[in-house]
Amino acid sequence: MPALRFSLLFSALAIFATAVPEGFAYRSPAEANRRRGDCVFSGAINVTSVATQLSVCQSLTINNVTVPAGKTLDLTGLADGTTVTFQGRTTWSVRKGFAGPLLTIGGKNIVVTGAAGAILDGQGPEYWDGLGSNGNSSKPKFLTAQGLIGASSINNLYLLNTPVQAVSINHCNGLTISHMTIDNSASDDLPLNKSGHNTDGFDIASSSSNIVIDSAIVHNQDDCVAINSGTNITFQNGQCIGGHGLSVGSVGHARTAASNTVRHVRFLNTSVTNSANGLRVKSFFDGTGIIDSVTYRDITLAGIAKYGILIEQNYDGGDLSKTHAPGAGVPLTALTIENITGTGAVASTGTNVAIACANCTQWSWNNVSVTGGKAFSCIGMSSDVPPGVCAS
Numbered sequence: 415m416p417a418l419r420f421s422l423l424f425s426a427l428a429i430f431a432t433a434v435p436e437g438f439a440y441r442s443p444a445e446a447n448r449r450r451g452d453c454v455f456s457g458a459i460n461v462t463s464v465a466t467q468l469s470v471c472q473s474l475t476i477n478n479v480t481v482p483a484g485k486t487l488d489l490t491g492l493a494d495g496t497t498v499t500f501q502g503r504t505t506w507s508v509r510k511g512f513a514g515p516l517l518t519i520g521g522k523n524i525v526v527t528g529a530a531g532a533i534l535d536g537q538g539p540e541y542w543d544g545l546g547s548n549g550n551s552s553k554p555k556f557l558t559a560q561g562l563i564g565a566s567s568i569n570n571l572y573l574l575n576t577p578v579q580a581v582s583i584n585h586c587n588g589l590t591i592s593h594m595t596i597d598n599s600a601s602d603d604l605p606l607n608k609s610g611h612n613t614d615g616f617d618i619a620s621s622s623s624n625i626v627i628d629s630a631i632v633h634n635q636d637d638c639v640a641i642n643s644g645t646n647i648t649f650q651n652g653q654c655i656g657g658h659g660l661s662v663g664s665v666g667h668a669r670t671a672a673s674n675t676v677r678h679v680r681f682l683n684t685s686v687t688n689s690a691n692g693l694r695v696k697s698f699f700d701g702t703g704i705i706d707s708v709t710y711r712d713i714t715l716a717g718i719a720k721y722g723i724l725i726e727q728n729y730d731g732g733d734l735s736k737t738h739a740p741g742a743g744v745p746l747t748a749l750t751i752e753n754i755t756g757t758g759a760v761a762s763t764g765t766n767v768a769i770a771c772a773n774c775t776q777w778s779w780n781n782v783s784v785t786g787g788k789a790f791s792c793i794g795m796s797s798d799v800p801p802g803v804c805a806s
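This is the structure in structure tokens:
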């Protein structure tokens with residue numbers, strides 16, 4: 415009997431050994447008994463093998479991994495409560511025309527952390543052509559948070575050189591993102607036809623709710639954050655550099671009512687520097703939906719090229735349409751703009767505050783100083799906006 419038991423054990427171990435996928439580092443049997451479900455991937459990985467192992471991993475370490483060209487590192491099959499740690503440098507090999515995303519993460523009560531010094535490298539310069547999503551060749555979005563629910567969090571990730579959009583948040587509820595850096599500063603020194611474009615920092619859509627983004631640093635070439643739909647969303651203690659500012663919208667052209675609804679959004683204690691715009695709320699001239707209870711508070715502006723504050727209900731793909739009047743189909747109610755510091759922040763060729771409304775009511779506008787540019791003859795603004803904000 416002892417010999418038989420030994421033989422069965424040996425056979426089982428042999429089968430287990432031959433099943434190790436490429437790039438997967440199993441611990442010794444003794445250590446596995448102590449730390450069951452602790453999975454480590456390193457080196458050149460097979461993304462299919464990774465995906466098939468996720469459900470048995472209670473902790474997952476991505477250590478100096480290279481993802482094959484044209485492949486997504488898909489972490490949407492994680493077991494509830496899994497912790498994911500990125501160590502070293504994670505690099506995505508380049509394939510032109512790949513639409514991505516490079517990385518997807520989903521699940522319930524998932525905790526994702528970047529270890530000290532960890533970098534996730536999207537190799538943006540290999541894709542950048544100054545056209546972004548508008549070019550003839552597809553480019554991959556970087557990270558999609560897809561259905562992260564419960565008390566999920568993403569902490570201390572450093573995303574370097576995103577080909578186009580950095581973080582897309584879809585169908586998430588209860589997600590907190592803290593101390594994330596999105597660094598596309600390498601584009602600043604490149605010629606226009608080699609630069610990044612459409613490199614949004616955070617795009618929030620698909621009726622996501624209860625989202626907090628805290629202490630993010632975003633250096634990019636498009637919206638620092640754009641909230642296209644969702645409820646109870648907070649962006650706070652952030653730094654936005656080089657992009658298009660803090661945006662709500664564009665709202666009004668999604669397929670469902672929920673996807674055209676933005677409620678209870680807060681932008682708090684954030685700086686916007688060397689950017690095209692500071693604060694921006696926009697809805698389509700012919701759209702339908704709701705924008706309600708949006709707050710911008712304690713925002714500092716500097717080096718704004720175009721608009722310090724832009725609120726428009728006539729968006730048509732470009733700001734302040736010259737061919738379409740503001741539409742009333744997306745009412746903008748309970749907007750609060752408070753403690754905005756931007757004295758001398760706007761370029762002389764830019765505009766301090768521009769408002770084009772057809773259905774804007776119940777605003778609160780207090781302690782706002784945005785100067786340096788031109789005054790704008792506002793259209794249909796809420797009666798709560800004090801005199802002197804717009805041209806007479």
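One gets our numbering by counting positions in the sequence shown from 1 and adding 414 to each. Beta carbons are placed, not taken as given, at the ideal position from N, Cα and C, and that holds for glycine.
Using the three-state DSSP reduction, which class does residue i fall into: helix, strand or coil?
i, result
"G521", "strand"
"K510", "coil"
"V454", "strand"
"G695", "At residue 695 the sequence reads Val, which differs from the Gly that was named. V695 falls in the strand class under three-state DSSP."
"T755", "strand"
"K788", "strand"
"S479", "Position check: residue 479 holds Val in this sequence, whereas Ser was assumed. If DSSP states are grouped into helix, strand and coil, V479 belongs with the strands."
"G491", "coil"
"S469", "helix"
"T462", "helix"
"N688", "strand"
"G538", "helix"
"N642", "coil"
"G546", "helix"
"S629", "coil"
"A768", "strand"
"N808", "The displayed coordinates of the chain run from 415 to 806. Any statement about residue 808 would go beyond what the structure contains."
"R680", "strand"
"A446", "Reliability of the predicted coordinates at A446 is poor, the pLDDT of 37 falling under 50, and the value obtained from them is presented with this limitation in mind. It is helical."
"W777", "coil"
"T497", "strand"
"N385", "The structure shown does not extend to residue 385, since the chain spans only 415 to 806, so no value can be given for it."
"G722", "strand"
Classify residue i as buried or exposed, calling it buried when 16 or more other Cβ atoms lie within 10 Å of its own Cβ.
i, result
"T466", "exposed"
"R669", "exposed"
"A408", "Lying outside 415 to 806, the shown extent of the chain, residue 408 is not represented and no answer is given."
"A565", "exposed"
"G802", "exposed"
"S661", "buried"
"P800", "exposed"
"T462", "exposed"
"K736", "exposed"
"G731", "exposed"
"L604", "exposed"
"L487", "buried"
"N634", "buried"
"L562", "buried"
Whole-angstrom Cβ separation of residue i and residue j, contact assumed at under 8 Å?
i, j, result
"L574", "D535", "5 Å"
"G588", "S621", "At roughly 13 Å, the Cβ-Cβ gap does not stay under 8 Å, so G588 and S621 are not in contact."
"G663", "N642", "6 Å"
"S599", "G544", "In fact, because the Cβ distance is near 16 Å, the residues do not count as touching under 8 Å."
"N728", "A739", "6 Å"
"C771", "I793", "6 Å"
"F512", "P539", "The pair is not a contact, with the Cβ atoms about 15 Å apart (cut-off 8 Å)."
"I533", "R503", "5 Å"
"V581", "G615", "7 Å"
"D637", "G657", "6 Å"
*Using 8 Å as the threshold, is the stretch 567 to 582 in touch with the stretch 641 to 653, meaning 3 or more CB pairs across them?*
Contact between the stretch 567 to 582 and the stretch 641 to 653 is absent, because fewer than three Cβ pairs lie under 8 Å.
_Three Cβ pairs or more, each shorter than 8 Å: is that satisfied between the stretch 762 to 782 and the stretch 678 to 687?_
Because the criterion of three Cβ pairs below 8 Å is not met, the stretch 762 to 782 and the stretch 678 to 687 do not touch.
*asked:* So within the stretch 549 to 610, which uninterrupted beta strand (DSSP E) runs reach at least 3 residues, ignoring any that extend past its ends?
replied: Under the rule that a run must span 3 or more residues, the beta strand (DSSP E) segments found entirely inside the stretch 549 to 610 read 557 to 563, 567 to 569, 572 to 574, 581 to 584, 590 to 592 and 595 to 597.
_Meets three-Cβ-pair contact criterion under 8 Å: the stretch 667 to 682 and the stretch 618 to 632_ = Yes: the two stretches touch, three or more of their Cβ pairs being nearer than 8 Å.
*Touching by the beta-carbon criterion (3+ pairs, under 8 Å), the stretch 784 to 792 and the stretch 738 to 747*: Cβ pair count under 8 Å is below three, so no.
_Measuring CB atoms only, is the stretch 720 to 736 touching the stretch 693 to 708, in the sense that at least three cross pairs come out at less than 8 Å?_
Touching, yes.
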